[in-house]
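Notes follow once the structure below has been shown.
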Amino acid sequence: MVAGIGMAMPGVDGWEQGRKVLQQDTVDLSLPLPAMAKNLLPANERRRTTPLIQMALHVAEQALQGRQGDFSSVFASSCGDLAVVDKIMSALTMPGRPVSPIQFHNSVHNAPAGYWSILTGSNMPSTSISAWDESFSVGLVEALSQLLTEHQSVLLVSYDLPGPQRLRKHRPVCRPFALAMMLSTRGRGFSLELSVEMDGARVSTMDTPAWEHLRQDNPAARALPLLQLLARGKPGSIFLPYTHGQSLRVELKS
């Protein structure tokens, strides 16, 4: 079942705000991205984090909702921290190649997961995934697979930020989006059932042009049809883009 949700995007900070705009089917993408909580980590680690890491931790903390206990995590991002990659590549063109150790540390794809383990003091397993535009759906499959096999809660976090301008022609992500879901086998709430459809043409879209633009623009926002279904609080099913030209059918059950 879905036990908690975190969400951050332009003008939205948290699931309460996210649920409201999704129910109303209205969105203003010109609004700024809310400030991310920077006091979650100790001072030394906080100084080393990047906006991408801060956003991932921010929504993860929202989905956690103060819960305690053991749970594994799955972090999914289509291309990781492009700002860090840009800085490292720029440094490599300079005399002496002055790559910052902190930037090098943050360039690894599981950096957000590492900071999350510091924040929570957890030694539970964590998986970091990159699957291009299908990163959210692949992360969802991984998280639910762990939930079914290990029988303990799993936190799924999916996030992507726009990269520096010179990288956008290669990876045109133009707006920030992040979400987190706490998945559990216990408690009350909607449960998710997944199945793979061979016909990849079946992909759910958003009715409002601005929502649909965001869904197409940011790989993490491919989750929007599922989030809207959860916001409306009714059983139903949606289709997400999946790997190898397939679709992932997600059924929401009460």
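Per my numbering, the sequence shown starts with residue 2, numbered consecutively.
Virtual Cβ for every residue (Gly too), placed ideally from N, Cα, C.
Quick caveat, the model's predicted, so the values are computed rather than measured.
Rounded distance between the beta-carbons of residue j and residue i, thought under 8 Å
i	j	result
S205	F178	16 Å between Cβ atoms; not a contact.
V85	N107	5 Å
A44	H59	No, A44 and H59 are not in contact; Cβ-Cβ is about 18 Å, not under 8 Å.
T209	V28	7 Å
L32	A211	With 8 Å as the limit, L32 and A211 do not qualify as a contact, their Cβ atoms being about 11 Å apart.
R176	P35	Not really, about 13 Å apart at Cβ, beyond 8 Å.
F191	L141	Incorrect: roughly 14 Å between the Cβ atoms, too far for contact.
DSSP beta-bridge partners of residue i
i	result
S101	Per DSSP, none; premise fails for S101.
S1	Missing from the structure shown is residue 1; the chain here goes from 2 to 255 and no further.
I239	V251
V197	L249
V75	T128 and L157
L180	M8 and S159
D14	A9
S192	K254
Contact set for residue i: own chain, Cβ-Cβ below 7 Å, skip 5 residues either direction
i	result
A61	G7, W117, L156, V158 and A181
Q247	V197, E198, M199 and G201
E143	V75, T128 and I130
Limits of the alpha helix (DSSP H) - the one that residue i falls within
i	result
A144	S136 to E151
H59	P52 to L65
H214	P210 to D218
V85	L83 to L93
P35	Per DSSP, P35 belongs to no alpha helix (DSSP H) and is neither H nor E.
Q229	L225 to R233
A44	A44 to R49
Enclosing beta strand (DSSP E) for residue i [first to last residue]
i	result
R7	Reading off the sequence, residue 7 comes out as Gly, not Arg. Segment V3 to M10, the beta strand (DSSP E) holding G7.
T121	Per DSSP, T121 belongs to no beta strand (DSSP E); it is in the alpha helix (DSSP H), A112 to T121.
Local Cβ density within 10 Å of residue i, reported as buried at 16 or more and exposed below that
i	result
G70	exposed
K21	exposed
Q63	buried
M90	exposed
E135	buried
F137	buried
R216	buried
G122	exposed
I54	buried
L93	exposed
Residues near residue i by beta carbon distance below 6 Å, same chain, minus five either side
i	result
S1	As shown, the chain starts at 2 and ends at 255. That puts residue 1 outside it, with no answer to give.
S129	F76, H110, N111 and A114
Q229	L23
L42	L120
G19	M8 and V13
Own chain residues within Cβ distance below 8 Å of residue i, not counting five before or after
i	result
G188	M2 and A4
L168	L83, V86 and D87
L148	S154, V155, L184, S185 and T186
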